[in-house]
Each structure stands twice: as structure tokens, then as C-alpha cells.
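K.L.:
Submitted below is the structure of interest, expressed as C-alpha cells.
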Amino acid sequence: MYGNDFQAPGEHAPEETAIDGSRIRAHDLDAQFQAIIEGDGRIEPRDAMPEAYRKTLIRQIAQHAHSEIIGMQPEGNWISRAPSLRRKAILMAKVQDEAGHGLYLYAAAETLGADRADLLDMLHNGRQKYSSIFNYPTLTWADMGAIGWLVDGAAIVNQVPLCRCSYGPYARAMIRVCKEESFHQRQGFEILHTLSHGTPEQHAMAQDAVDRWWWPSLMMFGPPDTESPNSAQSMAWGIKRFSNDDLRQRFVDMTVPQAEALGLTLPDPDLTWNAERGHHDFGEIDFTELFEVIKGNGPCNRQRMEQRRGSHQDGAWVRDAAAAYAEKQTARAAGQETAA
Amino acid sequence: MTEPPFEPAEPTLAGTQDLTAAGGHGAVPTSGVPTEQAPAAAARREWPLWEVFVRAKRGLSHVHVGSLHAPDAAMAVRNARDLYTRRQEGVSIWVLPAGQITASSPDEKDAFFEPAGDKIYRHPTFYDVPEGVEHL
Numbered sequence: 189m190y191g192n193d194f195q196a197p198g199e200h201a202p203e204e205t206a207i208d209g210s211r212i213r214a215h216d217l218d219a220q221f222q223a224i225i226e227g228d229g230r231i232e233p234r235d236a237m238p239e240a241y242r243k244t245l246i247r248q249i250a251q252h253a254h255s256e257i258i259g260m261q262p263e264g265n266w267i268s269r270a271p272s273l274r275r276k277a278i279l280m281a282k283v284q285d286e287a288g289h290g291l292y293l294y295a296a297a298e299t300l301g302a303d304r305a306d307l308l309d310m311l312h313n314g315r316q317k318y319s320s321i322f323n324y325p326t327l328t329w330a331d332m333g334a335i336g337w338l339v340d341g342a343a344i345v346n347q348v349p350l351c352r353c354s355y356g357p358y359a360r361a362m363i364r365v366c367k368e369e370s371f372h373q374r375q376g377f378e379i380l381h382t383l384s385h386g387t388p389e390q391h392a393m394a395q396d397a398v399d400r401w402w403w404p405s406l407m408m409f410g411p412p413d414t415e416s417p418n419s420a421q422s423m424a425w426g427i428k429r430f431s432n433d434d435l436r437q438r439f440v441d442m443t444v445p446q447a448e449a450l451g452l453t454l455p456d457p458d459l460t461w462n463a464e465r466g467h468h469d470f471g472e473i474d475f476t477e478l479f480e481v482i483k484g485n486g487p488c489n490r491q492r493m494e495q496r497r498g499s500h501q502d503g504a505w506v507r508d509a510a511a512a513y514a515e516k517q518t519a520r521a522a523g524q525e526t527a528a
Numbered sequence: 122m123t124e125p126p127f128e129p130a131e132p133t134l135a136g137t138q139d140l141t142a143a144g145g146h147g148a149v150p151t152s153g154v155p156t157e158q159a160p161a162a163a164a165r166r167e168w169p170l171w172e173v174f175v176r177a178k179r180g181l182s183h184v185h186v187g188s189l190h191a192p193d194a195a196m197a198v199r200n201a202r203d204l205y206t207r208r209q210e211g212v213s214i215w216v217l218p219a220g221q222i223t224a225s226s227p228d229e230k231d232a233f234f235e236p237a238g239d240k241i242y243r244h245p246t247f248y249d250v251p252e253g254v255e256h257l
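Going line by line, the protein sequences match chains Z and U. If you want my numbering, it's the 1-based position in the first sequence plus 188. If you want my numbering, it's the 1-based position in the second sequence plus 121.
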């Protein structure tokens, strides 16, 4: 947040600040916003912005934050069972990073006048969502590799263009996130590489993880462009820079040679190089699965939400105690001042 | 705590609920999702917001890196260390209650800075220097 002069929700429409009932000022603010967007400039928190732009960003940033926070669970699941101290230390650092990413993003959402506690409430009561990828279970250690390599790999492809998002605080948060994600992807790749070149059982475990995570990773990019009606507006606002299908294609093209280096196969018989297009062709994605998982019918939706709500409730006494202590200290300091 | 009534939008393939990859960590809905909570929820006692400034290394000034919530200043510094310097990004941290910042103008607009706009003679490049004159 940058200062303390937010308008309260509802007071946001520039028309209400118009003098003498004239709409000229509102018009000016609109034109200024458009000029910044068209010049590929950055909108900053206290700039005038269309209400729809503000809401779109809050929705996107908040749900991105929720995804990072929920994303701690599938991997947190394996911290106590990591195969070595080195792997354990790395996994703990990674899960801590995910918490950090969530916090950068909640902070960015708050610059738009949202309240973090409200956003968490909306996560907890299901009114806001998180990425469906985290509703799949992590069944073996190799899943830590597949998540790092494929899920974080897909996230990087999504997130790199967001570093140039038209909203300054979101773009700045994404720059930090992207720097940290590249460690995540590499450590996942290293896990799979070690397993793939280990015993036949380890190789099979790595292949099984890739088989299970490949298609859900492709679904992370969202439905095909033809079924993504809101994308055009986000593109016009400079929030979104590339279409779902373009990003998905980029991910496939970059992942295929990496799979070869790992000595693992991607579970798609239709995956072939298309020299004419200069891209890989790949099989059809079952989007009914994506929508089922978003609806709440994925393998782990209920478990993830229960754990999140539980953690939040279990931490309530800590939050309250810290607030009570701060209040007491403030009161004491005030008392000493009056006494002196 | 009573929760507001929850009526989830039913996602369908026909796209009544749009999704975007720009959700960052995977597709998330872009429609049918509220951005503001019912007003009843506002009665909580929340930790205040702090702005965080980090000195990357000796010789550089503190730079704003973001914000965080913490119950008091001491906790804000500790949380800032864990949040913004996990990879040795800093040697010194300042925290400041967000509400204590006084900003130049409510909307970061040109008028306030306009007086400097027509004074290009404040820059050395404004002046013509004859050919061959050095160290000027």
C-alpha cells in the first residue's frame, strides 16, 4: 500500500468527485488511464482507474495469492518424509517461498483497497477459488519432482508475462516471484533426473509422477482461447499479455526437450514436432476434468479446504495474543508518557 | 462466526464462468467471483499494515519493497526479514505504519510537478559549449 488516502468502496467512481455536477473530471481521469495503458505505462495504486479494472485485478491477484497458499499443502505433505536432509532443507525453503509469494500478492491486492482478512474469508468460504492443480494428490516422492518441474514450470510461463502487467504493484510482486520460481523448477527437475537415472523402480516412480501431472499441468493454462471470453478485455488492459493457447504451446515446446534430457516420456501419443508450424502438436485436453475439479469434485478439494480452514482457526489464538500484547505495550507506553 | 450465504457459480464448458491462465499459478475463474466481502465481516481486530524499506547493501539507500501485516513494530521487522530478505536481499530494514505516510497528491498526477517542467535550463545539457572546450 502506498499511503492512506484510499477512497472507501462505493466512493470510487470518479463521477462522484466531479465539481458542479460536471462529468469533465471523470472524463479526464478516464482519458489519463487510457493514455497510460496505451503508452504501455504502469498504473499505480493511487491513480484513477475504471472500477472494472480494479475488480478484475483484485479477483486475479487474490486468487493467485490463494493458489500460492494452498500450494503449500501438497508439498508440505512430504517434508517429514524427504529422502535426505538436503532434500528436506530444499523442500522447506520452497514451501516457505510459496507462503512468501502468497504474502507478496495479498499485499499487492491491498494496494487496490482490498482487505487481506476479507480475501482470506472468501477463500475459506469458497467464494473465491485457487488453482485447480493443487487439488491433485502427491502420492510419491517423485511428485515433488513433477510439481517443481511441470507445475512450477507452467507457472513460470504464466507468470513471466505478468512481470510486465500494467498494474505496478502486481508486476513488481511477480518479478520477485519469478526470480524465486526458477529455483523451484530446477530442484524439481533435479529430483526427477536423479530418480530417472536411479534404479528401475525409481525410474518407474518418476515416470508415474510425470504421467499423472502432465495433463493437469496443461490445464493450468485455462480453457482454449475460443472459450475464454474475458481474455480480450484483460489483454486490452495490459493485464494479460498472451492468450491461454499461446502460453500452453510455449510450455509444451519448452518441456519436450527437457523430458528427453530426463529420459522420461510425456504421456501423449499425439505429441509430435510439426515442422510447418515450428511447434509441437499435442493431443486434445479433457477440459471437462478441469471444470469438475474447479467445481469441487477433484481428488483433494475437500481435504485442502479443511486443512486451510483448520490452520487458520488453529492460528487464531496466536494472532489474538500478538494483537493483545501489542495493545498492552502501546497502552503502557502511553501511560508512561502521561506520567512523565 | 456466521458465513455469508455461498452460492457458487456453476462452471460449464460453454464458458458461463471464464478462466484465465493469468491467474499465475494456474487457471482460476475470472467471472462469478466476488472481490468484496459482505460488510458484516469488517468488525475484526486486524494487525495493522506496515510499509517495508530495505537497504540492499552498504552504500545504497533504503528502497520500498512492499508491505505486510504485523501486530507491532518489532514483529513487523522480523516478518519483513522473513518475507523480503530470504535470499540476503538486505542488510538493514525500516518499517513504517502505512497510515503514517503522507503522500504528495491523492492521484499521482502531473500538476504538482508541473513547475519543474519548463525549467530545462536546470540541466547541463541546456547549454551550448564551444567546440574543443573540455572539463566543463
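Yeah, the Cβ is synthetic: ideal placement off N, Cα and C, and Gly gets one too. Since the model is a prediction, treat every value here as computed from it, not as a measurement.
(1) According to DSSP, simplified to helix, strand and coil, what is N313/Z?
(2) Near K317/Z, which residues of its chain fall below 6 Å by C-beta distance, leaving aside the five closest residues on each side in sequence?
(3) Which ranges does the beta strand (DSSP E) cover as unbroken runs of at least 3 residues, wholly within the segment 424-463 of chain Z, from first to last along the chain?
(4) Do you know offhand how far R465/Z's Cα is from P412/Z's?
(5) What residues from the segment 310-325 of chain Z come within 9 Å of chain U, judged by C-beta to C-beta, listed N to C?
(6) Check whether the segment 354-373 of chain Z and the segment 284-304 of chain Z touch, using three or more Cβ-Cβ pairs below 8 Å as the test.
(7) Would you call the segment 328-338 of chain Z in contact with the segment 392-402 of chain Z, where contact means no fewer than 3 C-beta pairs closer than 8 Å?
(8) Quick one: measure Cβ to Cβ for L478/Z and M407/Z, integer angstroms, because I've assumed they're closer than 8 Å.
(9) How long is the line joining the alpha carbons of D433/Z and A342/Z, rounded to whole angstroms?
(10) For the candidate residues R315/Z, R364/Z and E368/Z, whose alpha-carbon lies nearest to that of D340/Z?
(11) In three-state terms, what does DSSP make of H190/U?
(12) Going by DSSP, what residue range makes up the beta strand (DSSP E) through F233/U?
(13) Quick check: the Cα distance between I224/Z and D216/Z, rounded to an integer number of angstroms?
(14) How far does the alpha helix (DSSP H) with I344/Z in it reach, from first residue to last?
(15) Express the C-alpha separation of I241/U and L257/U in angstroms, rounding to a whole number.
(16) Starting from E172/U, trace the beta strand (DSSP E) in both directions and tell me its first and last residue.
(17) For a contact meaning CB atoms closer than 8 Å, what does L257/U contact in chain Z?
(18) Here's a check: name, in chain order, each residue in its chain whose Cβ is nearer than 6 Å to the Cβ of A201/Z, leaving out the five neighbours to either side.
(19) Near S225/U, what residues of its chain come up, given a Cβ to Cβ distance below 7 Å and the 5 sequence neighbours on each side ignored?
(20) Identify whether V481/Z lies in helix, strand or coil by the three-state DSSP scheme.
(21) Between V506/Z, F377/Z, N418/Z and D458/Z, which lies nearest to R275/Z when the distance is taken from Cα to Cα?
(22) Could you name the residues of the same chain whose beta carbon sits closer than 8 Å to that of S188/U, not counting the 5 residues immediately before and after it, in chain order?
(23) For a contact meaning CB atoms closer than 8 Å, what does A302/Z contact in chain U?
(24) Distance cutoff 8 Å, beta carbons only. Does H252/Z sit that close to anything in chain U?
(25) Smallest Cα separation from G180/U: which of V212/U, V216/U and A237/U?
(26) Under a CB-based cut-off of 8 Å, is P238/U close to chain Z?
(27) Going along the segment 251-273 of chain Z in order, which residues come within less than 7 Å of chain C, judged by CB to CB distance?
(28) What residue range does the beta strand (DSSP E) around I214/U cover?
(29) For chain U, find out if any of its Cβ atoms is closer than 8 Å to the Cβ of L406/Z; answer yes or no.
(30) For L181/U, return the contacting residues in chain Z, with the cut-off set at a CB-CB distance below 8 Å.
(31) Please state the DSSP three-state secondary structure of P262/Z.
(32) Under 8 Å between C-beta atoms, does F470/Z make it to chain U?
(33) Please classify P236/U: is it buried, with 16 or more other beta-carbons within 10 angstroms of its beta-carbon, or exposed?
(34) Would you verify that the beta carbon of G187/U is, or is not, closer than 8 Å to some beta carbon of chain Z?
(35) State the Cα-Cα distance for the pair S431/Z and E472/Z, rounded to the nearest angstrom.
(36) Classify I222/U as helix, strand or coil using the three-state DSSP reduction.
P.N.:
Answer, in terms of the structure:
(1) Locating residue 313/Z in the first sequence gives position 125, counting from the first residue. In the displayed model, N313/Z falls within coil according to three-state DSSP, outside both helix and strand.
(2) Along the first sequence, one-based indexing puts residue 317/Z at 129. Taken in chain order, the residues that qualify are Q251.
(3) As for any beta strand (DSSP E) of minimum length 3 sitting wholly inside the segment 424-463 of chain Z, the runs are 460-462, ordered along the chain.
(4) Within the first sequence, residue 465/Z is the residue found at index 277, counting from 1. Within the first sequence, residue 412/Z is the residue found at index 224, counting from 1. Rounded to the nearest whole angstrom, the C-alpha separation of R465/Z and P412/Z is 18 Å.
(5) Of all residues in the segment 310-325 of chain Z, M310, H312, N313, G314, R315, Q316, K317, Y318, S319, S320, I321 and F322 have a Cβ within less than 9 Å of some Cβ in chain U.
(6) The segment 354-373 of chain Z, when compared against the segment 284-304 of chain Z, does touch it at the 8 Å Cβ threshold.
(7) Enough Cβ pairs lie closer than 8 Å, so yes.
(8) Counted from its first residue, the first sequence places residue 478/Z at position 290. Counted from its first residue, the first sequence places residue 407/Z at position 219. Between M407/Z and L478/Z the Cβ distance is about 4 Å, and since that is below 8 Å, they are a contact.
(9) Taking the first sequence and counting its residues from 1, the one referred to as residue 433/Z is at position 245. Taking the first sequence and counting its residues from 1, the one referred to as residue 342/Z is at position 154. Cα to Cα, the separation comes out at about 12 Å.
(10) Working through the first sequence from its first residue, we reach residue 340/Z at position 152. Out of R315/Z, R364/Z and E368/Z, E368/Z has the C-alpha closest to the C-alpha of D340/Z.
(11) Numbered from its first residue, the second sequence carries residue 190/U at position 69. If DSSP states are grouped into helix, strand and coil, H190/U belongs with the strands.
(12) If you number the second sequence from 1, residue 233/U lands on position 112. Careful: F233/U lies outside any beta strand (DSSP E) and carries neither H nor E.
(13) For the purposes of this step, residue 224/Z is taken as the residue at position 36 of the first sequence. For the purposes of this step, residue 216/Z is taken as the residue at position 28 of the first sequence. Cα to Cα, I224/Z sits roughly 12 Å from D216/Z.
(14) In the first sequence, counting from the first residue as 1, residue 344/Z sits at position 156. Segment D340 to Q347, the alpha helix (DSSP H) holding I344/Z.
(15) Counting from 1 along the second sequence, the entry for residue 257/U is found at position 136. Counting from 1 along the second sequence, the entry for residue 241/U is found at position 120. Going by C-alpha positions, L257/U is about 18 Å away from I241/U.
(16) The residue you call residue 172/U lines up with position 51 of the second sequence. Per DSSP, E172/U belongs to the beta strand (DSSP E) from L170 to R176.
(17) For this step, residue 257/U is matched to residue 136 along the second sequence. Here the premise fails: no neighbours, minimum Cβ distance about 36 Å.
(18) Taking the first residue of the first sequence as 1, we reach residue 201/Z at position 13. Note that A201/Z has pLDDT 36, beneath the 50 cutoff, so the model's placement of it is unreliable and the number below is only indicative. Excluding five sequence positions before and after A201/Z, none of the CB atoms of its chain fall closer than 6 Å to its own CB.
(19) Here residue 225/U refers to the residue found at position 104 when the second sequence is read from its first residue. Result list for S225/U: F233, in chain order.
(20) Numbered from its first residue, the first sequence carries residue 481/Z at position 293. V481/Z: helix per DSSP, three-state reduction.
(21) Your numbering for residue 275/Z matches position 87 in the first sequence. Nearest of V506/Z, F377/Z, N418/Z and D458/Z to R275/Z, Cα basis: F377/Z.
(22) In the second sequence, counting from the first residue as 1, residue 188/U sits at position 67. Closer than 8 Å at the Cβ level, and outside the excluded window around S188/U, lie L170, W171, E172, V173 and A219.
(23) Counted from its first residue, the first sequence places residue 302/Z at position 114. T156 and E157, listed in chain order.
(24) Taking the first residue of the first sequence as position 1, residue 252/Z is located at position 64. With 8 Å as the cut-off, H252/Z counts as an interface residue toward chain U.
(25) The sequence position of residue 180/U within the second sequence is 59, counting from 1. The option with the nearest alpha carbon to G180/U is V212/U.
(26) Locating residue 238/U in the second sequence gives position 117, counting from the first residue. Looking at the sequence itself, residue 238/U is Gly, so the reference to Pro does not match. No, its Cβ sits nowhere closer than 8 Å to a Cβ of chain Z.
(27) This model lacks chain C altogether, as its protein chains are Z and U.
(28) Here residue 214/U corresponds to residue number 93 of the second sequence, with the count starting at 1. That run of the beta strand (DSSP E) goes S213 to P218.
(29) For the purposes of this step, residue 406/Z is taken as the residue at position 218 of the first sequence. L406/Z does not count as touching chain U.
(30) Position 60 of the second sequence holds residue 181/U. Those do not exist, as L181/U stays about 18 Å from chain Z at its closest Cβ, beyond 8 Å.
(31) Position 74 of the first sequence, counted from the start, is the residue given in the question as residue 262/Z. In the three-state reduction of the DSSP assignment, P262/Z falls in the helix class.
(32) Sequence index remark: in the first sequence, residue 470/Z carries index 282 (1-based). No, its Cβ sits nowhere closer than 8 Å to a Cβ of chain U.
(33) For the purposes of this step, residue 236/U is taken as residue 115 along the second sequence, with counting starting at 1. Residue burial annotation: P236/U is exposed, with fewer than 16 other C-beta atoms found within 10 angstroms of its C-beta.
(34) Counted from its first residue, the second sequence places residue 187/U at position 66. Taking Cβ atoms only, chain Z reaches closer than 8 Å to G187/U, which makes this a yes.
(35) Looking up residue 431/Z in the first sequence gives position 243. Looking up residue 472/Z in the first sequence gives position 284. Taking the straight line from one Cα to the other gives about 17 Å.
(36) Translated into positions along the second sequence, residue 222/U becomes position 101. Shown here, I222/U sits in coil according to DSSP, grouped into three states, outside any helix or strand.
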